[in-house]
Every structure is written in C-alpha cells, then in structure tokens.
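Step one of this worksheet: look at the structure below.
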Ligand code: GUN
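Numbering (the numbering used here), first residue to last: 37 to 320.
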C-alpha cells in the first residue's frame with residue numbers, strides 16, 4: 037500500500053530535461069548559464085552540499101564557479117565580491133551557502149545580492165512577491181517539495197498540511213507557498229506543546245527540524261503523506277537518517293520520502309532550474 041516519493045528518480049528525469057534545454061540554447065550560440073556559489077568557512081555539511089550542487093550544475097551544462105573563503109576573511113571582501121558578481125553580466129545566479137560565520141550579519145549579505153540573481157529566493161523583494169502569491173524565484177527546497185508532490189499527483193488544495201519547523205529556508209516559505217496553493221497550513225515550532233495534536237489531523241506532514249525521529253508512527257494518521265526534510269548523521273550507525281522514524285511511519289503512510297533520496301535531490305534540481313529561469317531572463 038505504501039509508496040515511496042522517489043525524489044532521486046524525479047530529480048534525474050528533470051535534470052535530463054534541463055540538460056537538453058540548455059544544450060539547445062548553447063547550440064543557438066547562446067552562452068551557457070552560470071551559477072556562482074560563495075562558501076565561507078568549513079562547515080562540514082555545507083562542504084558536501086556545495087560539492088553536490090557544483091557537480092550537478094556542471095552535469096546539466098551550467099557553468100558553476102565556487103568562491104571559497106576561510107572563516108577569517110574580512111566582511112568587506114565578501115561584500116565586494118557580491119557587488120562584483122552583481123555587476124558581472126555572465127552570472128545568472130548567486131548562492132551564498134548558509135550558515136556563514138557569526139561575524140557576518142547573514143541578512144545583510146543575502147540582501148546585498150541583486151534580486152535578479154537571487155537563485156535561492158531569499159531576497160526581500162522575491163520573498164515579498166512570494167508572500168503575495170506572485171510569480172518569482174522560490175526557495176529551492178520548498179519548491180522542490182511541491183514539485184515532488186505534483187509528480188505523484190498529491191493534492192494540496194483543500195488539504196490539511198502540518199509543517200514542523202519554521203526556518204527561513206524551508207518551513208516558513210513552504211508554509212506560505214502551500215497556503216497560496218489553497219491548503220490549510222499548521223506551522224509547528226519549537227514551542228509547540230504537543231506536535232501530535234497537529235500531525236494527527238494532517239493529510240500531509242512535512243517535517244524540517246533536523247531532529248532525528250521527531251515524527252513517530254503514533255503521530256501519523258493512517259493514509260497520510262509524509263515528507264522528511266531532515267538529514268542527520270546517526271552517530272551510532274554513521275548512516276544518514278531523517279526527522280521521520282521511516283521504518284515505522286512507512287507502515288501507516290500512503291506516500292513517504294526516504295532519506296537520503298527524497299527531498300535532497302529535489303532541492304538540487306530546483307536550484308538548477310532556478311538558475312536556468314534567471315538565465316532565460318538575462319539572455320533576452
Ligand atoms: N544551507 C542549507 N540549505 C540551503 C539552501 O537552500 N540555500 C543556501 N544558500 N544555503 C543553504
């Protein structure tokens with residue numbers, strides 16, 4: 037009865053389509069799309085994510101440049117780099133990998149990125165458009181999740197959806213986007229007294245906390261759809277696990293994402309698609 041929401045497969049299919057489109061642009065003597073990734077410091081997960089993003093970009097024909105700085109770099113250097121990229125006509129998208137070292141005011145740097153190159157959709161201008169339900173660049177993980185649900189014909193409109201986690205990167209934008217699509221959205225945060233009160237009534241549960249197995253079988257309505265955004269290295273087994281106790285929750289869910297191979301690949305392909313979307317505007 038249970039079916040896997042196979043993010044890896046859907047992402048591969050979408051990557052192949054994107055690769056063909058980019059090849060057609062290049063064949064018409066148009067330049068290749070270009071993405072610049074700015075990485076500061078040596079946060080372990082960030083190094084891995086960035087590597088995946090760069091490899092995936094190159095694979096579909098996006099020119100990807102990594103600007104890597106050690107944590108001691110001056111705030112001015114980073115600010116100047118962003119300005120330089122903003123003015124470079126060959127760059128379509130800029131991604132400032134988060135988290136950045138504490139001495140940087142994250143907000144200042146995200147807002148310094150030209151909104152027309154804001155591939156993550158974190159600039160206020162793009163966030164404001166999203167909030168008001170207009171077309172814009174949407175953050176990669178939330179949009180990737182919605183694309184994955186669409187690929188499996190999971191209805192969003194009219195459904196009760198509980199989102200656990202209210203980060204600026206995932207929970208908050210995702211909740212707004214789902215609401216704009218006509219869902220009734222409940223947002224649980226660190227202060228929520230009893231998460232199960234909110235998950236048990238949900239047709240769709242999306243957990244984005246980074247807390248291992250915070251979602252257990254008894255918290256899930258039979259036949260619900262479960263999306264796991266968590267990615268945690270289990271210290272005991274050294275394996276990657278998620279927010280969801282997959283083995284037990286899978287017995288109740290109708291559809292469920294695995295970790296790894298669920299949301300992660302969708303985030304990456306959406307980043308590539310966002311880069312291409314910006315590129316199409318820039319080459320006009
Ligand atoms: N760190 C974790 N996820 C993300 C993301 O989607 N974008 C950026 N820029 N940094 C991240």
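The beta carbon of each residue, even a glycine, is placed where N, CA and C say it ideally should be. As the structure is a computational prediction, the values presented were derived from the model and not from experiment.
Checklist line | Segment contact, 8 angstroms Cβ cut-off, at least three pairs: the stretch 221-229 with the stretch 268-283 | finding: no
Check: If you count every other CB in all the chains shown that lies within 10 Å of the CB of residue 245, and 16 or more means buried, which is it?
Finding: buried
Check: Per the contact definition of three or more C-beta pairs closer than 8 angstroms, is the stretch 153-167 in contact with the stretch 125-141?
Finding: yes
Item checked: Cβ pair count under 8 angstroms reaching 3, the stretch 185-201 against the stretch 158-172 -> no
Note to self: For the structure I just gave you, are there three or more beta carbon pairs, one from the stretch 92-106 and one from the stretch 61-78, closer than 8 angstroms?
What the structure shows: yes
Notebook entry, point to check: Does the distance from the C-beta atom of residue 102 to that of residue 90 stay below 8 angstroms?
Noted result: yes
Notebook entry, point to check: Is residue 133 near ligand 1, going by C-beta to nearest heavy atom under 7 angstroms?
Noted result: yes
Item checked: Under 8 angstroms between C-beta atoms of residue 210 and residue 178 -> yes
Item checked: Cβ-heavy atom distance, residue 85 to ligand 1, below 7 angstroms -> yes
Checklist line | Enclosing beta strand (DSSP E) for residue 223 [first to last residue] | finding: 220-224
Check: Using the rule of at least 16 other Cβ atoms within 10 Å of the residue's Cβ for burial, across every protein chain shown, is residue 76 buried or exposed?
Finding: buried
Notebook entry, point to check: Between residue 203 and the rest of its own chain, which residues show a CB-CB distance below 6 angstroms, the 5 nearest in sequence each way excluded?
Noted result: none
Notebook entry, point to check: DSSP puts residue 240 in a beta bridge; with which residues?
Noted result: 197, 261
Next item on the list: Measure how close the beta-carbons of residue 259 and residue 290 come, nearest whole angstrom, since I'm counting them as under 8 angstroms.
Entry: 5 angstroms
Check: Are the Cβ atoms of residue 176 and residue 306 separated by less than 8 angstroms?
Finding: yes
Notebook entry, point to check: Would the C-beta of residue 154 count as close to ligand 1, meaning under 7 angstroms from any of its heavy atoms?
Noted result: no
Next item on the list: With a threshold of 7 angstroms, establish whether the CB of residue 177 neighbours any heavy atom of ligand 1.
Entry: yes
Item checked: Contacts around residue 74, its chain only, beta-carbon distance under 6 angstroms, and the 5 residues preceding and following it disregarded -> 103, 132
Notebook entry, point to check: Under the three-state reduction of DSSP, which class applies to residue 74: helix, strand or coil?
Noted result: strand
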